[in-house]
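Novice:
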Amino acid sequence: MRSFAAALLLLPAAFAAPRAGPNDQRGPAMNTLANHGYIPRNGIASFEEITLALMEAFNLELIFGANMAANNMDLLQLGKFGDNGPDGDNTVFNVETLVGIKKQNILMDQAANSEFQFAARRMNAAYGEASFLLNVFANGTTKQATLPIIGSFFRNQTFPPNWFRAASPVTGAMNGVAVSALLAAVPTPPGRNNAQGVYVADPAPPPPFNSSFGCAAYFDQLANTPGVLVNTTGIFKKNVELLADIEFQLASANPGCTQKVLPFGPAGE
Ligand SMILES: *[C@@H]1O[C@H](CO)[C@@H](O)[C@H](O)[C@H]1NC(C)=O
Ligand SMILES: *[C@@H]1O[C@H](CO)[C@@H](O)[C@H](O)[C@H]1NC(C)=O
Ligand SMILES: *[C@@H]1O[C@H](CO)[C@@H](O)[C@H](O)[C@H]1NC(C)=O
Ligand SMILES: *[C@@H]1O[C@H](CO)[C@@H](O)[C@H](O)[C@H]1NC(C)=O
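Residue numbers (mature numbering (1 follows the signal peptide of the UniProt record, and there is no 0)): -16 to -1, 1 to 253.
(1) So does residue 256 have its beta carbon nearer than 7 Å to some heavy atom of ligand 4?
(2) In this structure, does DSSP put Tyr22 in helix, strand or coil?
(3) Round the Cβ separation of Trp147 and Ile134 to the nearest angstrom and send it over; I've been treating them as touching at under 8 Å.
(4) Looking only at its own chain, which residues have a Cβ that is under 6 Å from the Cβ of Pro12, when we skip the five neighbours before and after it?
(5) Could you give the C-beta distance for Leu167 and Phe197, rounded to a whole number, given that I count them as a contact under 8 Å?
(6) According to DSSP, is Thr130 part of a helix, a strand, or is it coil?
(7) Quick one: measure Cβ to Cβ for Pro174 and Ala104, integer angstroms, because I've assumed they're closer than 8 Å.
(8) What does the alpha-carbon distance come out to for the pair residue 339 and Pro192?
(9) Give every residue of the same chain whose Cβ lies closer than 7 Å to the Cβ of Leu36, excluding the five residues on either side of it in the sequence, and list them in chain order.
(10) Is any non-hydrogen atom of ligand 2 found closer than 7 Å to the C-beta of Thr125, if you look at the structure I gave you?
(11) Determine the direct distance from the alpha carbon of Ala237 to that of Gln128, and round the result to whole angstroms.
(12) Using three-state DSSP, classify Val154 as helix, strand or coil.
(13) Taking DSSP as the reference, what is the three-state secondary structure of Ala50?
(14) Within a Cβ cutoff of 6 Å, which residues of the same chain sit near Asp67, ignoring the five residues on either side of it in sequence?
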């Protein structure tokens, strides 16, 4: 259940509704919303409540808001890759910052973890989340994602003082620009370490899913979302259908990504 929510939704609190606590898996965006009363503090909120709260607080378009996520990331790396800004040198995130951080993280993780995997769905999520820093968390007036702003969201999990949300809705297409820049600049293809610890590219999915990275990530996502979810009933099934529709709407923004698939992966934990 939890793994499905985390994987398909990228929004654990919305679907699994875990209680806030030591095992709370909500990201900074969720906690920030809870800390400011947008969603219940105990984490029990409906999918609709969370989507509406995200849209309101961060000015996200509905489809994109539904796929919102924010993982913790290492602010320390900003000192190495950051741009200069009002709060000093190396204090602003830009695309080059994200590229530098991702390249370094991938190299380190690949070397440190013999079972390292960076499948298309994970790459898509990782690059999408990185792009949120620029589009969702940046000060809406200056468009700058500075160290104090990102620190406030990710460390304190509160809205920074004098922070303004984006003036117009943040869309999936806007985020796609930064994701594309990451894909172009980070040379690692989707893949995984083999038994010898050598990184090997994953095989391409069948057509039409090999038509773009976004479409391949979509296929990989559904291939790793438990197929048994299709056989649920009632409100649960309604949510599965809603989420499958959202996933397809996002994926089908890529030309040629025309085939909808329902979850067909092995059962999770
Ligand atoms: C976090 O909160 C503390 C206490 O309110 C404050 O002193 C600190 O500056 C905040 N840090 C960030 C990065 O916002
Ligand atoms: C956001 O930008 C405005 C200027 O448009 C500035 O006054 C404010 O301090 C900025 N907020 C943060 C958190 O940097
Ligand atoms: C997708 O796979 C088909 C069949 O293997 C191949 O003919 C086609 O060129 C591939 N498309 C792309 C964009 O790689
Ligand atoms: C879903 O239900 C159908 C019809 O009962 C069955 O044939 C199929 O194997 C089930 N799928 C899964 C993944 O359990």
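Glycine included, each C-beta is placed from N, C-alpha and C at the ideal position. Values in this document were obtained by computation on a predicted structure and should not be read as measured data.
Specialist: Let's see:
(1) The structure shown does not extend to residue 256, since the chain spans only -16 to 253, so no value can be given for it.
(2) The answer is coil: DSSP assigns Tyr22 none of H, G, I, E or B.
(3) Not confirmed; about 11 Å, so no contact.
(4) The answer, listed in chain order, is Ala54, Phe137, Phe138, Gln141.
(5) The C-beta separation of Leu167 from Phe197 comes to about 6 Å, placing the pair in contact by the 8 Å criterion.
(6) Strand at Thr130.
(7) With a Cβ gap of about 4 Å, Pro174 and Ala104 count as contacting.
(8) Residue numbering for the chain in the displayed model covers -16 to 253; residue 339 lies beyond these limits and cannot be assessed.
(9) Nothing listed; no residue qualifies.
(10) At least one heavy atom of ligand 2 is nearer than 7 Å to the Cβ of Thr125, so yes.
(11) Taking the straight line from one Cα to the other gives about 27 Å.
(12) Strand, per DSSP.
(13) Only weak support exists for where Ala50 lies, its pLDDT of 49 falling under 50; the coordinates are left without a value.
(14) Answer for Asp67: Val76, Asn78, listed in chain order.
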